[in-house]
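Q: Sending over a structure as structure tokens; questions will come in a sec.
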Amino acid sequence: MAIIAWIVGMVLLTQLFGLWEKNQINPNRDPVSSTHATGTTTVSLKRNRYGHYLTAGAINNTHTTFLLDTGATQVVVPESLAESLKLPRQGYTTVQTANGQVQAIQTTIATLSIGDIRLYNVRAIINPAMNKNDETLLGMSVLKQLDFHQEGQYLTLTQQSR
């Protein structure tokens with residue numbers, strides 16, 4: 466009986482550690498939003514243990530994880546995600562990435578959301594060199610439409626009233 470209790474205890478500890486580890490990688494799995502009387506919407510994001518801002522969000526109402534990247538000109542979507550979303554392919558372009566030049570595909574995202582922030586008709590690129598499990602890069606084609614302020618471990622995104 467003690468062995469069974471020990472095994473159950475180890476399984477529970479493993480599950481708890483896995484949950485803790487997921488929250489360390491993406492502490493914004495359910496981003497906190499607030500809409501103010503002025504019509505502005507804010508989302509507050511906590512920096513992860515590696516110093517990056519990751520957050521849950523959606524492209525065309527399909528869940529994805531975004532990595533905020535001020536060095537990316539546009540939103541960059543892994544090809545496998547783009548295929549499952551049936552994003553339109555609107556021509557090829559060559560882009561410079563940290564790993565060199567890549568032939569990418571231009572697209573437009575109908576709706577992109579983070580918490581209660583909603584953006585429409587967002588320019589993006591599909592990167593065939595990204596892995597299936599890579600985060601979607603949230604580049605300046607989105608960030609330039611928002612005000613953002615970083616203080617301490619938090620980054621606040623603000624969308625002015627539409």
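Residue 494 in my numbering sits at position 29 of the sequence shown, and the numbers go up by one each step. Cβ atoms here follow ideal geometry from the backbone N, Cα and C, with glycine treated the same way.
Start and end of the beta strand (DSSP E) containing Glu616?
A: Glu616 -> beta strand (DSSP E) spans 612-616.
Q: Quick one: Cα of His528 to Cα of Ile468, how far?
A: The alpha-carbon atoms of His528 and Ile468 are separated by roughly 41 Å.
Q: Could you give the distance in angstroms between the alpha-carbon of Ile524 and the alpha-carbon of Met466?
A: Their Cα atoms are separated by approximately 49 Å.
Q: Along the chain, where does the alpha helix (DSSP H) that runs through Leu584 open and close?
A: Leu584 -> not in any alpha helix (DSSP H); beta strand (DSSP E) instead, spanning 582-592.
Q: How many Å lie between Trp485 and Phe613 at the Cα?
A: Unreliable placement is indicated for Trp485, whose pLDDT of 44 sits below 50; the coordinate value is still reported in the next sentence. Cα-Cα distance, rounded: 27 Å.
Q: Would a C-beta distance cut-off of 9 Å place Thr601 and Leu552 closer than the cut-off?
A: Their beta carbons are not under 9 Å apart, which means Thr601 does not touch Leu552 by this criterion.
Q: Return the residue from the list Arg583, Gln539, Gln566 that minimises the CA-CA distance to Leu603.
A: Leu603 has its Cα closest to that of Gln539, out of Arg583, Gln539, Gln566.
Q: Would you check if the distance between the CB atom of Val567 and the CB atom of Ala594 is smaller than 9 Å?
A: Cβ distance < 9 Å, so Val567 and Ala594 count as in contact.
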